[in-house]
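Novice:
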């Protein structure tokens with residue numbers, strides 16, 4: 018069977034599975050809609066969290082980023098896993114004990130202020146919308162590359178599926194579809210990796226294969242460093258970013274991960290505080306399976322690619338090259354007219370432009386794996402994109418129906434009314450996300466990476482201080498969140514979009530004037546520290562929080578009598 | 004201070020001590036071994052890996068997973084010790 022037939026079969030089967038689960042796990046109450054009823058098993062929740070977390074970007078792009086960045090790619094590997102340590106140790110158990118439905122709920126109650134709640138709602142919406150647009154785009158791209166339909170059609174199909182199970186099932190439906198999606202995506206990622214590892218190193222475990230030698234007896238990593246040196250690229254295992262920048266980006270991604278609302282809410286769905294800790298452990302274990310494989314895939318793909326194309330006759334290239342040329346992901350421009358591909362670091366003589374996504378999408382073809390394996394990658398990419406999109410949509414829906422309507426605008430709304438509001442909000446959010454998926458504003462890709470900086474600069478300090486600093490009051494937290502968020506937005510606009518210096522063209526030239534040499538991606542670390550300092554200083558100059566709030570803080574520090582998550 | 008409060012304060016203190024130790028390890032494997040000392044560690048080899056590179060792309064992630072499971076164990080014991088488990 019051909020690749021196309023296989024892809025339709027695998028995608029069709031997995032979609033039927035998701036819809037079946039959604040019908041089985043409908044939400045009947047607002048509690049089921051927001052937190053899946055609150056009795057999810059910790060291992061199940063860990064798996065759902067892993068799928069929630071690993072987005073289209075993790076699945077499709079990350080191996081490519083590491084493959085082209087080498088050591089520089091470590092920031093994502095450490096940043097997106099180390100954040101779970103912060104989440105497990107500093108946030109998840111206490112937020113679970115607190116026992117509400119959303120992150121703005123915590124901020125609003127802990128800081129006894131609707132202003133704080135509104136700031137948190139706005140931050141949650143900014144972070145989630147920028148992120149979800151990228152997911153819908155991812156769905157469209159996978160459809161167009163594997164199933165040969167228009168990107169728009171792909172986005173519509175994705176919207177329909179997500180609409181169906183997120184609106185119908187709420188958190189309950191999402192939880193169980195995410196479990197299925199984790200299984201699909203991890204299988205789809207591991208199978209090609211295992212095949213390729215065995216082919217190149219003789220070891221079936223990619224994590225070990227990465228440290229072994231290829232057929233010619235040289236260690237793969239040494240070989241790659243050698244190839245890079247020959248072609249003029251910077252050494253794979255040392256990279257090119259400054260230590261300061263690597264440090265800042267890693268920390269911003271870690272704190273941002275711990276502060277992402279769609280990840281935090283998953284810990285409200287388990288029964289007890291100890292289950293929240295346990296699910297964080299399982300979630301990271303499930304994520305680590307993929308994240309430790311990514312660097313291996315990156316190296317295998319890079320070696321394979323260079324050996325297949327570098328200094329080869331264009332006419333003699335294998336079939337996949339032509340296939341992917343058609344999609345524009347790989348382009349050959351014969352600058353010196355010799356019909357041979359010169360792939361080198363020097364931009365003026367380099368003849369090959371490669372989109373980094375190809376490292377995952379075309380990798381199985383480059384390694385000549387069977388058709389069903391190639392098709393599997395498409396189903397896996399869709400699972401990754403859909404699971405993250407659904408989690409984000411739920412945050413958007415609950416921010417609007419619960420935090421905005423129930424808590425601020427119409428406190429008297431009935432349970433039924435709230436559930437309807439949540440479903441309408443989810444449906445509207447899907448449509449908006451779909452719109453951005455079809456008409457991606459140029460800034461989406463840039464902003465997705467920065468969503469972490471924003472989360473690190475706003476939520477992370479406010480939540481950590483809310484738990485660990487009993488003296489923290491609303492004045493301090495609000496001032497901190499607003500300063501952190503504003504500073505981060507300013508830095509982003511200045512250095513990522515060049516708004517104050519004449520627009521996009523100025524961005525390259527501004528690189529030398531980065532503060533402390535830190536790029537916008539890493540600036541969340543600075544903004545986060547500013548938030549911490551501002552919060553602490555202001556809180557010490559203003560009155561202590563009321564006694565009942567101090568009691569809340571004492572109470573969330575002790576696991577017993579967690580009770581169930583409630584909206585009241 | 005009532006006995007209950009004393010108990011809660013003592014529990015919290017021990018919890019903070021665990022956090023300090025575990026987060027020190029978290030910082031050490033990623034920021035120290037994987038970033039600050041990466042060049043020095045790269046002169047040591049672990050099979051086909053340079054050690055600093057291995058910490059940055061493999062080792063730190065393994066340690067993170069172990070850290071959380073150690074934390075789960077420690078806290079379950081601590082909860083029992085202070086009678087605050089569920």
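Residue numbers (my numbering), protein chains in the order written: chain S, 18 to 585; chain D, 4 to 89.
In this text, a Cβ means the ideal position worked out from N, Cα and C, and glycines have one as well.
Quick caveat: nothing in here was measured; it's all calculated off a predicted structure.
(1) Below 8 Å on C-beta distance, what does residue 59(D) contact in chain S?
(2) Along the chain, where does the beta strand (DSSP E) containing residue 369(S) start, and where does it finish?
(3) How would you label residue 50(S), buried or exposed, when you count the other beta carbons within 10 angstroms and need 16 or more for buried?
(4) Taking only the alpha-carbon atoms, compute the straight-line gap between residue 504(S) and residue 548(S) and give it to the nearest angstrom.
(5) Which same chain residues, not among the five before or five after residue 316(S), have their C-beta less than 8 Å away from its C-beta?
(6) With C-beta atoms as the reference, is residue 300(S) less than 8 Å away from residue 24(S)?
(7) Are the C-beta of residue 115(S) and some C-beta of chain D separated by less than 8 Å?
(8) Residues of the region 69 to 86 of chain D with a CB closer than 7 Å to any CB of chain S: list them in chain order, please.
(9) Give the residues of chain D in contact with residue 237(S), contact being defined as C-beta atoms less than 7 Å apart.
(10) Let me see if you follow: with CB-CB separation under 8 Å, is residue 17(D) close to chain S or not?
(11) Helix or strand or just coil, what does DSSP make of residue 348(S)?
(12) Using a Cβ distance threshold of 8 Å, determine whether the region 397 to 409 of chain S contacts the region 152 to 164 of chain S, with at least three qualifying pairs required.
(13) Quick one: Cα of residue 64(S) to Cα of residue 308(S), how far?
(14) In chain order, what residues of the region 223 to 234 of chain S put their CB closer than 7 Å to some CB of chain D?
(15) Taking Cβ positions, are residue 406(S) and residue 450(S) nearer each other than 8 Å?
(16) Would you please state the rounded distance, in angstroms, between the beta carbons of residue 103(S) and residue 60(D)? I believe it to be under 8 Å.
(17) Report buried or exposed for residue 247(S), applying the criterion of at least 16 other Cβ atoms within 10 angstroms of its Cβ.
(18) Can you check whether the CB of residue 74(D) is closer than 8 Å to the CB of residue 106(S)?
(19) Per DSSP, which residues does residue 287(S) bridge with? Please list them.
(20) Terminal residues of the continuous alpha helix (DSSP H) containing residue 230(S)?
(21) Relative to the alpha-carbon of residue 436(S), which residue among 416(S), 177(S), 455(S), 448(S) has its alpha-carbon at the smallest distance?
(22) Quick test of your reading: residue 191(S) and residue 197(S), contact by CB under 8 Å. State the CB separation rounded to the nearest angstrom.
(23) Are residue 115(S) and residue 573(S) touching if we call contact CB-CB under 8 Å?
(24) Check each residue of the region 387 to 404 of chain S: if its Cβ is closer than 8 Å to any Cβ of chain D, include it; give the result in chain order.
(25) Per DSSP, residue 440(S) forms a beta bridge with which residues?
(26) So, for residue 298(S): in the same chain, excluding its five sequence neighbours on each side, which residues have a beta-carbon less than 8 Å away from its beta-carbon?
(27) For the alpha helix (DSSP H) that residue 340(S) lies in, which residues bound it at each end?
(28) If the cut is a Cβ gap below 8 Å, which residues of chain S does residue 89(D) touch?
(29) Mapping the DSSP letters down to three states, classify residue 221(S) as helix, strand or coil.
(30) Using DSSP with H/G/I as helix, E/B as strand and the rest coil, what is residue 294(S)?
(31) Just to confirm, is the Cβ distance from residue 371(S) to residue 347(S) under 8 Å?
(32) What residue does the alpha helix (DSSP H) around residue 247(S) start on, and which one ends it?
(33) Quick check for students: name the residue ranges of the alpha helix (DSSP H) that lie wholly in the region 523 to 579 of chain S, counting only runs of 4 or more.
(34) Pick helix, strand or coil for residue 490(S), following the three-state DSSP scheme.
(35) Given this structure, state the Cα-to-Cα distance separating residue 11(D) from residue 485(S), to the nearest angstrom.
(36) Buried or exposed for residue 13(D), going by 16 or more other Cβ atoms inside 10 Å?
Specialist: Inspection of the coordinates gives the following:
(1) For residue 59(D), the chain S residues whose Cβ falls inside 8 Å of its Cβ are 88, 91, 94, 95, in order along the chain.
(2) Residue range 369 to 371 is occupied by the beta strand (DSSP E) that includes residue 369(S).
(3) Buried, since its Cβ has 16 or more Cβ neighbours within 10 Å.
(4) Taking the straight line from one Cα to the other gives about 9 Å.
(5) Result list for residue 316(S): 84, 227, 237, 238, 241, 253, in chain order.
(6) No, they are not a contact pair.
(7) Answer no: the Cβ-Cβ gap between residue 115(S) and chain D never drops below 8 Å.
(8) Of all residues in the region 69 to 86 of chain D, the ones placed with a Cβ closer than 7 Å to any Cβ belonging to chain S are 70, 71, 72, 74, 75, 78, 79, 82, in chain order.
(9) Those within 7 Å of residue 237(S) in chain D are 51.
(10) For residue 17(D), the answer is no, since every Cβ of chain S falls outside 8 Å of its Cβ.
(11) Residue 348(S): strand per DSSP, three-state reduction.
(12) Contact holds: three or more Cβ-Cβ distances are below 8 Å.
(13) Computed Cα separation, rounded: 14 Å.
(14) Those residues of the region 223 to 234 of chain S placed with their C-beta closer than 7 Å to a C-beta in chain D are 224, 228, 229, 230, ordered along the chain.
(15) Going by C-beta atoms, residue 406(S) is nearer than 8 Å to residue 450(S).
(16) About 20 Å separates the two Cβ atoms, so there is no contact after all.
(17) Per the 10 Å Cβ criterion, exposed.
(18) Their beta carbons are under 8 Å apart, which means residue 106(S) touches residue 74(D) by this criterion.
(19) Beta-bridge pairing links residue 287(S) to 57(S).
(20) Counting along the chain, residue 230(S) falls outside any alpha helix (DSSP H), and DSSP gives it neither H nor E.
(21) Answer by Cα proximity: 416(S).
(22) The C-beta separation of residue 191(S) from residue 197(S) comes to about 11 Å, leaving the pair out of contact by the 8 Å criterion.
(23) Less than 8 Å separates the beta-carbon of residue 115(S) from that of residue 573(S).
(24) Under the 8 Å Cβ criterion, the region 387 to 404 of chain S contributes no residue.
(25) Looking at the DSSP assignment, residue 440(S) forms no beta bridge with any residue, so it has no partner.
(26) Once the five neighbours on either side are set aside, the close Cβ partners of residue 298(S) are 63, 105.
(27) It spans 336 to 343 - the alpha helix (DSSP H) in which residue 340(S) sits, taken as one unbroken run.
(28) Annotation: Cβ neighbours of residue 89(D) in chain S (cutoff 8 Å, chain order): 289, 290, 291, 576, 577, 578, 579.
(29) DSSP, read as helix, strand or coil, puts residue 221(S) in coil.
(30) Residue 294(S) carries a helical assignment under DSSP once its states are collapsed to helix, strand and coil.
(31) One thing to note: residue 371(S) has its Cβ within 8 Å of the Cβ of residue 347(S).
(32) Per DSSP, residue 247(S) belongs to the alpha helix (DSSP H) from 237 to 248.
(33) DSSP runs (the alpha helix (DSSP H)) wholly in the region 523 to 579 of chain S: 524 to 527, 540 to 558, 564 to 573.
(34) Coil, per DSSP.
(35) Each residue's alpha carbon lies about 14 Å from the other.
(36) Label assigned to residue 13(D): exposed.
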